[in-house]
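K.L.:
Residues 581 to 838 (the numbering used here) are what the sequence shown spells out, left to right. I have a structure I would like to understand better, so I am pasting it below and will then ask my questions one at a time.
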Amino acid sequence: MSRLKLATLILLSWCASLSAQAQTELDKLMVRRTPNCFDIYYNCALLIPQYFSEQKFDSVQVLLNYWETRCGLNHAMLKIKLLFAIHQNAFSEALYDENIIEFLLYEQSYTQAVKKIRNDPKLGHVPLFAFQGAEEFEAFTTTVARTLLLEKQPVGLARFFCEAYAGNVDSLFIKLQAPEFEDTRLREYYERKRESTLRMSEGYWSLFSGYWTPQGENHILGNHPVLGAQFGIKRKGFLYGLVAQFGLLNTSRPYAVR
581 MSRLKLATLI
591 LLSWCASLSA
601 QAQTELDKLM
611 VRRTPNCFDI
621 YYNCALLIPQ
631 YFSEQKFDSV
641 QVLLNYWETR
651 CGLNHAMLKI
661 KLLFAIHQNA
671 FSEALYDENI
681 IEFLLYEQSY
691 TQAVKKIRND
701 PKLGHVPLFA
711 FQGAEEFEAF
721 TTTVARTLLL
731 EKQPVGLARF
741 FCEAYAGNVD
751 SLFIKLQAPE
761 FEDTRLREYY
771 ERKRESTLRM
781 SEGYWSLFSG
791 YWTPQGENHI
801 LGNHPVLGAQ
811 FGIKRKGFLY
821 GLVAQFGLLN
831 TSRPYAVR
């Protein structure tokens, strides 16, 4: 009987050992990760400048293709993609779609915000970049754009993008109105975005307060605090509004109206 108990204990211990080992192996499998788009962005931001400086342009192209395949077009990837195409004399409008306008709007607002923060000591604590290395990647793309302007002296849309990514964004969409861009896809995308924005309905409202002080013969009415509200909507290029204003308190002196 004691032998049977011993054999049972040994068997149970062996099964528990196998189960623990299997669980350990399973845990190892569960910690394996699939790179997400943030991981890809982070690593490409480190590797692309390195390969670019080493003139390993085939490797740069492989990284760009991988980045786009896994994550689609995004602002950071498209920026270096266009600059790299200009560097390789391979720029064409087939490299982007109508989302380019959103990316250019982001580039404009982001660049202007960064300049404002850097020039205002009170805003020095505001974080500018999403992760360590993003600032260096931003500086890298700016340097590439400025170098292309000096060395390759591109024309047309290639020059437009180099100037935009070199930090000259204040009159970005005014430049796009030039006759040389009239028949480009970029101009078409811009006009389409502009028209859709103008057709959008947009409402607003506000509250206000003040003090009404009648002048001249109306001074008999006396001073009154005023409360009001304003409502409106913008539709198809027209602005429709309604203002309601209320004067409070009675007059301090009686008056007659003729």
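Note that CB positions come from ideal geometry on N, CA and C, so glycine has one too.
1) Is the stretch 677 to 687 in contact with the stretch 619 to 628, if contact means three or more CB pairs nearer than 8 Å?
2) Put P759 into one of helix, strand or coil per three-state DSSP.
3) Taking contact to mean 3 or more Cβ pairs, one atom from each stretch, closer than 8 Å, check whether the stretch 723 to 736 and the stretch 634 to 648 are in contact.
4) Going straight from the alpha carbon of E673 to that of Q810, what length do you get?
5) R772 bridges to which residues according to DSSP?
6) Using alpha carbons as the reference points, say which of Q825, L728, I813 lies closest to A746.
7) Would you tell me roughly how many angstroms separate the C-alpha atoms of R650 and E682, rounded to the nearest one?
8) Are the beta-carbon atoms of Q688 and L644 separated by less than 8 Å?
9) If you draw a straight line from the C-alpha of N803 to the C-alpha of Q825, how long is it?
10) So, are the CB atoms of F720 and P629 less than 8 Å apart?
11) Roughly how many whole angstroms lie between the Cα atoms of D700 and P794?
12) Over the uninterrupted alpha helix (DSSP H) stretch that includes G736, give me the two end residues.
13) Rounded C-beta distance between S776 and I813? I'm assuming under 8 Å.
14) Which residue marks the beginning of the alpha helix (DSSP H) containing P615, and which one marks its end?
15) Please confirm whether any heavy atom of the ligand ATP lies closer than 7 Å to the CB of D763.
16) Which one of Y820, Y769, F818 has the shortest CA to CA distance from L684?
17) Spell out whether any CB of chain C is found under 8 Å from the CB atom of Q692.
18) Comparing C-alpha positions only, which one of E743, L819, L653 sits nearest to G783?
19) Return the residue from the list F717, P805, M657, R774 that minimises the CA-CA distance to S789.
P.N.:
Taking the coordinates as given:
1) The stretch 677 to 687, when compared against the stretch 619 to 628, does not touch it at the 8 Å Cβ threshold.
2) As a position in the sequence shown, residue 759 is number 179, starting the count at 1. Of the three classes helix, strand and coil, the one that applies to P759 here is helix, per DSSP.
3) No: the two stretches stay apart, fewer than three of their Cβ pairs being nearer than 8 Å.
4) Translated into the one-based positions of the sequence shown, residue 673 becomes position 93. Translated into the one-based positions of the sequence shown, residue 810 becomes position 230. Here the alpha carbons of Q810 and E673 stand approximately 46 Å from one another.
5) What you label residue 772 is simply residue 192 of the sequence shown in a count that begins at 1. Beta-bridge pairing links R772 to no other residue.
6) Translated into positions along the sequence shown, residue 746 becomes position 166. The alpha carbon of A746 has as its nearest neighbour, out of Q825, L728, I813, the alpha carbon of L728.
7) Here residue 650 is taken as the residue at index 70 of the sequence shown, counted from 1. Here residue 682 is taken as the residue at index 102 of the sequence shown, counted from 1. Approximately 20 Å between the Cα atoms of the pair.
8) For the purposes of this step, residue 688 is taken as residue 108 along the sequence shown, with counting starting at 1. For the purposes of this step, residue 644 is taken as residue 64 along the sequence shown, with counting starting at 1. Their beta carbons are not under 8 Å apart, which means Q688 does not touch L644 by this criterion.
9) Here residue 803 refers to the residue found at position 223 of the sequence shown. Here residue 825 refers to the residue found at position 245 of the sequence shown. So the alpha carbons of these two residues sit roughly 15 Å apart.
10) As a position in the sequence shown, residue 720 is number 140, starting the count at 1. As a position in the sequence shown, residue 629 is number 49, starting the count at 1. The Cβ atoms of F720 and P629 sit closer than 8 Å to each other.
11) On the sequence shown, residue 700 is found 120 positions in, with the first residue counted as 1. On the sequence shown, residue 794 is found 214 positions in, with the first residue counted as 1. When only Cα atoms are considered, D700 and P794 end up about 44 Å apart.
12) Position 156 of the sequence shown, counted from the first residue, corresponds to residue 736. It spans 736 to 745 - the alpha helix (DSSP H) in which G736 sits, taken as one unbroken run.
13) Taking the first residue of the sequence shown as position 1, residue 776 is located at position 196. Taking the first residue of the sequence shown as position 1, residue 813 is located at position 233. That belief does not hold up - the Cβ atoms of S776 and I813 are roughly 17 Å apart, past 8 Å.
14) Here residue 615 refers to the residue found at position 35 when the sequence shown is read from its first residue. Unbroken run through P615: none, as it is neither H nor E.
15) The ligand ATP is absent from the structure shown, which contains no ligands of any kind.
16) Along the sequence shown, read from residue 1 onward, the residue named residue 684 stands at position 104. In this structure, Y769 is the residue among Y820, Y769, F818 with its C-alpha nearest to the C-alpha of L684.
17) Here there is only one protein chain, and chain C is not present.
18) Reading the sequence shown from its first residue, position 203 is the one you call residue 783. Nearest option by C-alpha distance: L819.
19) Within the sequence shown, residue 789 is the residue found at index 209, counting from 1. Residue P805 is the option with its Cα nearest to S789.
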